[in-house]
Amino acid sequence: MEEVEQEYFSQIKSQFDIIYPRLVTLYPNAHCELNYQNAFQLLAATILSAQCTDERVNMTTPALFANYPNPQALSEAQPEELESIIRSCGFYRNKARSLLGMSKMLVQDFSGQVPDTMAELIRLPGVARKTANVVLGNALGKNEGIPVDTHVIRLVARIGLSSQITPEKIEQDLMHISPREEWAMVSHRLIWHGRRVCNARKPLCEQCTLAPDCPTGRQILNLK
DNA sequence: ATCCCGAGGG
DNA sequence: CCCTCTGGAT
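In the working numbering, the protein residues as written are 2 to 225.
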């Protein structure tokens, strides 16, 4: 359609085609680092993961699922008891409210099952596109979108995979320039690189194989 | 002081 | 668009 738009997509796609194969080499087996056994557990763990490390969530969920093994049990939890279990994950009042509201809706509107569409998932309290995409892409094997978290935002901005750094635009752009069957792995590999190399505070550009093709890496290393 | 696989409300 | 919610790690 618009020539400017075509030019824009061809530019970020060529950048993606340079960067992504290297991420595949670096992290062939990247995966969700939250521990879970089913969609309900991943949904709950992902709600807990907001502004919290996966490691801490994984320390919390064993007690959570022991006490509340399914949506029915979680929906009947005492708020104070639930809050005390999840407290160390932070935002514990909001998260407890989300877990309760989410599980109550699962029981009332979805016969105790986690729905498998974006439209239904984002109706759940405390669930928006990012959480829905994690559950869809990992526990349900459906790529309806791409989970965009703080790592994905940071790497897309540094590497230059989108011009407008908002979660919505980043997700649209990544969906546009990557094959659908890769969407879950695109997110995982960006996140793995973000955690291991492209840190928020001090990116390790000198040991990053992407640096020569990364605007931020070139700038920090004083290349070209 | 800054950041961690966000979401809801004003 | 902004703000708030929170504990833990560095």
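Note that beta-carbon positions come from the ideal geometry of N, C-alpha and C, so glycine has one too. Every value quoted in this text rests on a predicted model; they were computed, and no experiment measured them.
- Of all C-beta pairs linking the region 185-193 to the region 83-93, fewer than three are shorter than 8 Å, placing the two stretches out of contact.
- In this structure Arg130 does not touch Gly195 by the C-beta definition: roughly 19 Å separates them, more than the 8 Å allowed.
- If you draw a straight line from the Cα of Val58 to the Cα of Glu121, it comes to about 25 Å.
- A direct Cα-Cα distance of roughly 10 Å separates Glu4 from Phe10.
- Taking C-alpha positions only, Glu81 is separated from Glu34 by approximately 28 Å.
- From the listed residues Arg202, Ala212, Leu43, the smallest Cα separation to Pro116 is found for Leu43.
- The beta carbon of Asn95 lies closer than 8 Å to those of Gly127 in the same chain, with the five residues before and after it left out.
- A direct Cα-Cα distance of roughly 16 Å separates Arg202 from Val157.
- With distances taken between CA atoms, Val149 lies nearest to Ala51 out of Ala51, Thr26, Gln114, Asp110.
- Excluding its 5 nearest sequence neighbours in each direction, Arg181 has C-beta neighbours in its own chain below 6 Å: Asn144, listed in chain order.
- The three-state secondary structure of Glu145, taken from DSSP, is coil.
- Counted as a single uninterrupted DSSP element, the alpha helix (DSSP H) harbouring Tyr9 occupies residues 4-27.
- In the structure shown, Leu191 adopts helical secondary structure according to DSSP, grouped into three states.
- Contact check between the region 98-112 and the region 63-78: three or more CB pairs, one atom from each, fall below 8 Å, which counts as touching.
- Of the other Cβ atoms in all chains shown, fewer than 16 fall within 10 Å of the Cβ of Asp18; this residue is therefore exposed.
- In the DSSP assignment, Leu156 falls within the unbroken alpha helix (DSSP H) covering 151-160.
- Put simply, of Leu191, Ser163, Ser76, Thr132 the residue whose alpha carbon is nearest the alpha carbon of Ser112 is Ser76.
- When the five nearest sequence neighbours on each side are left out, the beta carbons in the same chain lying within less than 6 Å of the beta carbon of Ser179 are those of Val187, in order along the chain.
- Here the alpha carbon of Gln38 sits roughly 11 Å from the alpha carbon of Thr62.
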